[in-house]
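Chains as they are written, first to last, in this note's numbering: chain E, 143 to 296; chain S, 67 to 141. Only one structure is covered here, and it is reproduced in the block below.
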Amino acid sequence: MKKMAIIATKGTLDMAYPPFILASTAAALGFEVQVFFTFYGLQLLRKDLSNVMISPLANPAMPMPVPMPVMVQMLPGMESMATMMMKQKLKKHGVASLTELRDLCLEAEVKFVACQMTVDLFEFDKSEFIDGIEFGGAATFLGFAGDTDICLFV
Amino acid sequence: MNVDKELDARGLNCPLPILKTKKSLNGMTTGQILKIISTDCGSVKDMQAFAKQTGNELVSQAEENGEYIFLMKKK
Chain E
143 MKKMAIIATK GTLDMAYPPF ILASTAAALG FEVQVFFTFY GLQLLRKDLS NVMISPLANP
203 AMPMPVPMPV MVQMLPGMES MATMMMKQKL KKHGVASLTE LRDLCLEAEV KFVACQMTVD
263 LFEFDKSEFI DGIEFGGAAT FLGFAGDTDI CLFV
Chain S
67 MNVDKELDAR GLNCPLPILK TKKSLNGMTT GQILKIISTD CGSVKDMQAF AKQTGNELVS
127 QAEENGEYIF LMKKK
């Protein structure tokens, strides 16, 4: 059986997609998959994903309906607006929601490992996270990653 | 060819057609045929890769009015 390991370090809406898409697809292709969530990536394991957002600020590659100066992008509410627009776009084009993809990963027995150090660092309460995940450190990840066919850092 | 099960994946984008194909195949027995209808043009290459990787046989693929129709034989 082929194996894939992913490190997910980002907690924004755009950067949450690659690990969940690749993990769920690899599992469907018969891979054994493990995703290690560290630093901001840990946000992706919280029960409530509504605070996973996208910001147009410092993100010049994000397509905008109208050109928007940085001074405007930094105004209050712009992040929520950009997130809402992005979610509408994803839905319109038939792209799964993060929650849906995450559920599909779990259903396909993708193993999610939360970085214990990050949990301590940000003083997260473990009850905020979804069930069925494990907690571990760098050695836990490397123990699995050392034996994989594909290993990615997102 | 007899179709044992049909999957309507119209309107779904990557990777949902593949994930739903896999789920549909899970409930089938060896040799049965799954018909998949997709509107995602990326699914053409993806179904080939899925078949190659999983050993399920992509019996046929066709395009009709912007829809892609696949017949997949369960391994």
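All C-beta atoms in this analysis are idealised placements derived from N, C-alpha and C, irrespective of residue type, glycine included. All figures in this text were calculated on a predicted structure; none of them were measured in a lab.
Which term fits residue i, buried or exposed, when burial requires 16 or more other beta carbons within 10 angstroms of its beta carbon?
{"i": "residue 135 (chain S)", "result": "exposed"}
{"i": "residue 191 (chain S)", "result": "What the structure shows of chain S is the stretch from 67 to 141, and residue 191 (chain S) is not part of that stretch, so it cannot be assessed."}
{"i": "residue 144 (chain E)", "result": "exposed"}
{"i": "residue 128 (chain E)", "result": "Residue 128 (chain E) is absent from the model: chain E starts at 143 and stops at 296."}
{"i": "residue 203 (chain E)", "result": "exposed"}
{"i": "residue 165 (chain E)", "result": "buried"}
{"i": "residue 190 (chain E)", "result": "exposed"}
{"i": "residue 109 (chain S)", "result": "buried"}
{"i": "residue 200 (chain E)", "result": "exposed"}
{"i": "residue 96 (chain S)", "result": "exposed"}
Which residues in the same chain have their Cβ closer than 7 Å to the Cβ of residue i, if we skip the five residues on either side of it in sequence?
{"i": "residue 128 (chain S)", "result": "135"}
{"i": "residue 106 (chain S)", "result": "78, 79, 80, 83"}
{"i": "residue 225 (chain E)", "result": "155, 195, 196"}
{"i": "residue 124 (chain S)", "result": "113, 114, 117, 136, 138"}
{"i": "residue 168 (chain E)", "result": "146, 175"}
Can you pull the DSSP bridge partners for residue i?
{"i": "residue 162 (chain E)", "result": "Bridge partners of residue 162 (chain E): none, in fact."}
{"i": "residue 71 (chain S)", "result": "S:100"}
{"i": "residue 146 (chain E)", "result": "E:175, E:292"}
{"i": "residue 126 (chain S)", "result": "S:137"}
{"i": "residue 277 (chain E)", "result": "E:256"}
Please go through the same chain and pick out, in chain order, the residues whose beta-carbon is closer than 6 Å to the beta-carbon of residue i, but skip the five residues on each side of it.
{"i": "residue 116 (chain S)", "result": "84"}
What does a CB cutoff of less than 8 Å around residue i pick up in its chain, not counting 5 residues either side in sequence?
{"i": "residue 133 (chain S)", "result": "76, 103, 104, 105"}
{"i": "residue 93 (chain S)", "result": "71"}
{"i": "residue 241 (chain E)", "result": "191"}
{"i": "residue 172 (chain E)", "result": "143, 144"}
{"i": "residue 206 (chain E)", "result": "198"}
{"i": "residue 243 (chain E)", "result": "159, 162, 163, 166"}
Can you list the beta strand (DSSP E) stretches of 3 or more residues lying completely in the stretch 220-270 of chain E, in chain order?
253-257
Going residue by residue through the stretch 164-215 of chain E, where are the continuous alpha helix (DSSP H) segments of at least 4 residues, counting only ones entirely within it?
212-215
Below 8 Å, how does it come out for the stretch 267-283 of chain E and the stretch 201-221 of chain E: are there three or more Cβ pairs, yes or no?
no
Under 8 Å: do the stretch 176-196 of chain E and the stretch 149-157 of chain E share three or more Cβ pairs, one atom per stretch?
yes
Counting pairs of Cβ atoms below 8 Å between the stretch 162-180 of chain E and the stretch 248-258 of chain E, do you hit three or more?
yes
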